[in-house]
Amino acid sequence: MFKASLHLALSCTLAAALLLPAPGFAAARADQASLSRIKDLAAIEGVRENQLVGYGLVVGLNGTGDTLNNAPFTKQSLTSMLERLGVNTRGSNLRTVNVAAVMVTAKLPAFATQGTRTDVTVSALGDAKSLQGGTLLVTPLLGADGEVYAVAQGSLAISGFQAQGEAASITRGVPTVGRIANGGLIEKEIDYQINKLQDIRLALRNPDFTTAKRIAAAINDYMGANTAEPTDPSTVALHVPANYRGNIVKMLTEVEQLRVEPDQRARVVIDERAGIIVMGRDVRVSTVAVAQGNLTVTISEQPQVSQPAPFSRGSTVVTPRTGVKVDAGEGKKLGIVSESVTLRELVDGLNALGIGPRDMIAILQAIKAAGALQADIEVM
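Basically my numbering = 1-based index in the sequence shown + 61.
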């Protein structure tokens with residue numbers, strides 16, 4: 062009986078030990094959570110989108126197009142288009158309101174091949190009220206070099222709408238901007254042969270000396286020394302090893318999945334218009350005392366109307382009654398913010414003062430002016 066109980070106890074202890082995580086398991090998971098892929102931290106130089114733009118006409122609008130007298134470019138474009146189609150309208154008085162001149166924009170994806178498609182955005186250029194129900198006619202899309210890289214055409218999808226009656230109207234969203242999914246057809250490719258490169262540069266999305274050094278170290282540990290070298294805070298240069306020549310895609314696929322811990326300087330970003338405050342995790346303050354109080358004067362008017370009795374010869378008299386209330390903030394006390402507190406402790410300490418976001422913005426700026434905030438303040 063004793064042996065059976067001992068065996069059962071040992072079995073339970075062993076099962077509990079197997080279920081419990083290893084001592085460093087939680088710490089390892091926390092460390093992994095702070096790591097980011099190089100793919101998310103840097104972009105490959107030369108692998109980018111290109112902007113395209115074009116001018117065209119949208120037809121088929123239900124009386125919501127441009128007023129030709131107010132938009133001479135629409136009238137000129139309509140006349141030129143009809144002439145190309147064999148219709149002569151020179152000298153005639155066009156009065157249609159179903160046509161709108163538009164600007165068409167699109168992005169040419171990296172390595173896009175001829176015959177593939179891309180989305181296009183169509184925006185009204187004249188005084189059109191809505192592009193709902195319209196169709197974009199064939200519009201060449203040009204790059205910054207003036208070459209045609211795509212052609213757009215198709216029916217517009219509008220997220221907004223406008224309705225109007227005799228005495229009221231309602232507008233929701235932006236009815237003068239539409240989108241055509243897969244409405245652009247790629248006609249010309251950009252010649253960029255990445256497989257023939259011998260050196261590649263990684264451009265950091267958030268330039269930082271420490272992050273660039275860590276990225277280079279991670280690449281060298283994986284692929285061998287002298288493969289990567291940080292040249293500045295925003296660039297890491299890669300020399301393609303001999304075994305990856307002609308197959309750079311494989312090398313970049315492996316490099317993108319390497320994980321490093323990004324670093325950044327302590328910053329406090331403030332948007333005063335919206336009252337938004339964003340603090341980085343490394344924000345620290347020295348010991349400082351903070352007091353906050355506003356002088357608030359509230360004036361309220363509650364006039365009293367005195368009326369005479371019925372059938373009397375008196376007159377109605379309005380007696381003004383004004384109430385004035387002054388809040389000098391005597392209840393606010395001085396609060397101490399300790400030295401080198403964490404971000405959570407700093408936020409809790411400021412919240413304990415019972416202040417709003419806009420007052421907190423002024424307090425953070427005052428702490429920075431006092432030299433007690435070890436972080437940069439950026440005002441948007």
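We treat Cβ as the ideally placed atom computed from N, Cα and C, and that holds for glycine. This structure is a prediction, so every number in the text was calculated from the model and none was measured.
Along the chain, where does the alpha helix (DSSP H) that runs through residue i open and close?
| i | result |
| --- | --- |
| residue 420 | 418-430 |
| residue 314 | 309-317 |
| residue 133 | 133-145 |
| residue 102 | 99-102 |
So residue i packs on residue j, CB below 8 Å; how close in whole Å?
| i | j | result |
| --- | --- | --- |
| residue 127 | residue 162 | 6 Å |
| residue 97 | residue 262 | Not a contact, Cβ separation roughly 19 Å. |
| residue 58 | residue 233 | No statement about residue 58 is possible, as the shown extent of the chain runs from 62 to 441 and does not include it. |
| residue 155 | residue 129 | 5 Å |
| residue 433 | residue 346 | 5 Å |
Just reading off the beta strand (DSSP E) that residue i is part of, what are its end residues?
| i | result |
| --- | --- |
| residue 242 | 238-247 |
| residue 110 | Careful: residue 110 lies outside any beta strand (DSSP E) and carries neither H nor E. |
| residue 291 | 289-293 |
| residue 264 | 260-265 |
Bridge partners of residue i, per DSSP?
| i | result |
| --- | --- |
| residue 374 | Answer is none; residue 374 lacks a bridge partner. |
| residue 466 | Because the chain in this structure spans residues 62 to 441, residue 466 falls outside the shown range and cannot be described. |
| residue 338 | 331 |
| residue 196 | 120, 216 |
| residue 365 | 380 |
| residue 320 | 98 |
| residue 184 | 164, 238 |
| residue 439 | 330 |
| residue 298 | 262, 290 |
| residue 129 | The partner list for residue 129 (beta bridge, DSSP) is empty, contrary to what the question assumes. |
| residue 345 | 435 |
| residue 201 | 212 |
| residue 114 | 166, 203 |
Quick one: residues in its chain with C-beta nearer than 6 Å to the C-beta of residue i, no 5 flanking neighbours on either side, listed in chain order?
| i | result |
| --- | --- |
| residue 216 | 196 |
| residue 108 | 171 |
| residue 275 | 321 |
| residue 182 | 166, 240 |
| residue 200 | 115, 117, 165, 213 |
Could you pull out every residue in the same chain whose Cβ sits closer than 8 Å to the Cβ of residue i, ignoring the five residues on either side in sequence?
| i | result |
| --- | --- |
| residue 110 | 168, 169, 170, 171 |
| residue 122 | 158, 159, 160, 161, 189, 191, 192, 193, 194, 195 |
| residue 439 | 328, 329, 330, 331 |
| residue 280 | 99, 288, 289, 297, 299, 316, 319 |
| residue 264 | 103, 104, 105, 106, 295, 296 |
| residue 310 | 255, 256 |
| residue 422 | 331, 333, 336, 338 |
| residue 305 | 311, 312 |
Cutting at 7 Å between CB atoms, please list the residues of its own chain near residue i, excluding the five before and the five after it.
| i | result |
| --- | --- |
| residue 307 | 256 |
| residue 211 | 113, 167, 169, 179, 202, 245, 246, 247, 248 |
| residue 277 | 289, 290, 291, 297 |
Please confirm if residue i has its CB atom under 8 Å from at least one CB of chain B.
| i | result |
| --- | --- |
| residue 211 | You won't find chain B in this structure, because it holds only one protein chain. |
- request: Taking only runs that begin and end inside the region 151-178, name each unbroken alpha helix (DSSP H) of 4 or more residues, in chain order.
  value: Taking only runs of at least 4 residues, no alpha helix (DSSP H) segment lies wholly in the region 151-178.
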